[in-house]
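For reference, the structure is listed below as structure tokens.
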Amino acid sequence: MRSHYKTQCFETLALLIEAHAQLQKFMDNKQFLSTLTLIEQCQQGAISIGTLIDRMEGEGTEAVSSLESYCEQIYHLYIDLQRGISVNSRKILKKLDRLITRIENAILYGIPTQREVVFLPYKASMWDSLESVWKAAEEDPDCMALVIPIPYYDKNPDGSLGEMHYEGALYPEDVPVVYYETYDFESRHPDMIFIHNPYDDGNIVTSVHPFFYSKNLKQYTDDLIYIPYFVLQEIDPADSKAVAGMEHFCTTAGVINANHVIVQSETMRQVYVNVLTKYTGEDKRVYWEKKILGLGSPKVDRVSRLKDSDFRLPEEWERRIRKADGTKKKVIFYNTSVTAMLQGGEAMLEKIRRNLQIFRENSGDVALLWRPHPLMEATLASMRPYLMEEYAGIVQEYKTAGWGIYDDSPDMDRAIAISDAYYGDHSSIVWLYQKTGKPIMIQTVDV
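To convert a position in the sequence shown, counted from 1, into our numbering, add 7.
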């Protein structure tokens, strides 16, 4: 039985114990009608528990057998009082109290507890930030793990919600997904909900569906857990300049609203705790220390296990990474980030053109795998619409030429695994790619 439902049972049983004490007072004061009404309520409470247990566990449990005994005895008390028969109320109520204890023990020890854990990824390309946690939950026999991809919207330049996207069909074959409209969060009340988008309505480029904002989700679970979809450069918590550049990551809605936040390291945990304490007061430090957990990033777990042989490449990719003699070219993972594009503008577009030309001239020995940030086009449409046409032209020209690989798939790990080196912008991918031990070169827009 789900722990949430067990809690409901225990809460109702506690009310029955309180009701027994009130019954004694009513009977001592000869409040006949109040006594009968409360007995009826006690019986209804016991029936509701039994119905719930039968629905969740099937018939024949020890707990329901004891509940039936309770209902039978309290019914006889009702009939005797109604007929004016003298009863030893203290003895009867003490016996009912003992039955409640037996029922509590039967539920606690006789019915296995199962947790329902829900994962709410929004972009399939960011699933790796939750994957290893999901796998652990999936393998736990006492846990029901559900992956429910949620819809998200592009934002229009005026901040309103634009086109909706749903990527439920893009997840790996071994990940069974549940359609978000078929899951009733209120009635199911999962024990845990994991999210990796922390922004609620605070992102100017995209927004998950408002139902899935952290400020709303927290009412539907006992434990809302946020794990960032990115990995950041490790910094010294005492480096005030570096910390200032990271504060916006530490103060998002998801961080504030979650019951727990899991970050990539103990050092990063200290950064989060210090920033949040700075804004909320030193008396809140212990609260943040309990809430922020430096347990590591699932993205790093995933990358540390990657092997080239894990992936079957499309034939088109195979042709482009092989020389005429069948040997493998050096594969360069070329990453262009949203931040660099917004900062560089026209100069960044020209930089990309120059880079593509250089890689084309060397395509006999080097295969380029260009993987722009998955929100690049949505960001340009929202924030730099005047760059959109030229950028789209560069992408289309590259695709049409057919000498390199354009990777807009949801699987970034494949690009990391098959590449021999990284070239491109400073981004969270850099700190992840470092875990592979492969060479990294950062591009500069004016070089």
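Virtual Cβ for every residue (Gly too), placed ideally from N, Cα, C.
Using 9 angstroms as the limit for Cβ to Cβ distance, is residue i near chain C?
i, result
"D104", "Chain labels in this structure do not include chain C; a single protein chain is all it has."
Taking only the alpha-carbon atoms, compute the straight-line gap between residue i and residue j and give it to the nearest angstrom.
i, j, result
"Y82", "D191", "36 angstroms"
"V499", "Y206", "Residue 499 is absent from the model: the chain starts at 8 and stops at 454."
"P305", "V270", "10 angstroms"
"E18", "I107", "12 angstroms"
"V338", "M199", "41 angstroms"
"E146", "E174", "24 angstroms"
"F126", "G91", "58 angstroms"
"L59", "L239", "46 angstroms"
"V293", "Q277", "12 angstroms"
"A152", "S435", "28 angstroms"
"Q50", "C78", "6 angstroms"
"L300", "T274", "10 angstroms"
"M171", "P158", "7 angstroms"
"Q29", "R195", "33 angstroms"
"L88", "Q31", "13 angstroms"
"Y220", "T213", "12 angstroms"
"E66", "P156", "35 angstroms"
"N204", "F256", "11 angstroms"
"Y178", "E75", "47 angstroms"
"E353", "Y341", "19 angstroms"
"G169", "Y160", "6 angstroms"
"M448", "G288", "41 angstroms"
"E296", "S272", "13 angstroms"
"I211", "M390", "8 angstroms"
"G444", "Y430", "14 angstroms"
"Y398", "A176", "27 angstroms"
"D229", "K298", "14 angstroms"
"E241", "L363", "31 angstroms"
Tell me whether residue i sits in a helix, a strand or coil according to DSSP, three-state version.
i, result
"K337", "strand"
"I412", "strand"
"D420", "helix"
"N362", "helix"
"V182", "coil"
"T259", "coil"
"P379", "strand"
"A331", "coil"
"L74", "helix"
"M355", "helix"
"G65", "coil"
"Y440", "helix"
"A245", "coil"
"A374", "strand"
Given a threshold of 16 other Cβ atoms within 10 Å of its Cβ, counted over all protein chains shown, does residue i qualify as buried or as exposed?
i, result
"D165", "exposed"
"K162", "buried"
"L137", "buried"
"N36", "exposed"
"K406", "exposed"
"T343", "buried"
"E181", "Checking the displayed sequence, the identity of residue 181 turns out to be Asp instead of Glu. Looking at its Cβ environment, which holds fewer than 16 other Cβ atoms inside 10 Å, D181 is exposed."
"D432", "buried"
"R329", "exposed"
"R309", "buried"
"R319", "exposed"
"L103", "buried"
"T259", "buried"
Closer than 8 angstroms: is that where the CB of residue i sits relative to any heavy atom of the ligand MG?
i, result
"R292", "Within the structure as shown, the ligand MG is missing, as the structure has no ligands at all."
The segment 222-230 contacting the segment 257-270, beta-carbon criterion three pairs below 8 angstroms: Enough Cβ pairs lie closer than 8 angstroms, so yes.
Cβ contact (3+ pairs, closer than 8 angstroms) linking the segment 282-293 and the segment 242-257: yes
Contact between the segment 329-336 and the segment 370-385 (3+ Cβ pairs under 8 angstroms): yes
Length-filtered (4 minimum) alpha helix (DSSP H) runs lying within the segment 98-165: You should have 138-146.
Stretch-stretch touch, CB-based, cutoff 8 angstroms, three pairs: the segment 102-120 with the segment 36-45: Of all C-beta pairs linking the segment 102-120 to the segment 36-45, fewer than three are shorter than 8 angstroms, placing the two stretches out of contact.
Stretch-stretch touch, CB-based, cutoff 8 angstroms, three pairs: the segment 8-18 with the segment 115-126: yes
Contact between the segment 414-430 and the segment 119-139 (3+ Cβ pairs under 8 angstroms): Cβ pair count under 8 angstroms is three or more, so yes.
Three or more C-beta pairs below 8 angstroms linking the segment 342-350 and the segment 375-393: yes
Runs of beta strand (DSSP E) lying entirely within the segment 284-314, each at least 3 residues, in chain order: none
Whole beta strand (DSSP E) elements within the segment 185-240, 3-residue minimum: List check, beta strand (DSSP E) in window: 199-202, 213-215 and 230-233.
Stretch pair the segment 350-365 + the segment 317-330: three plus CB contacts closer than 8 angstroms: no
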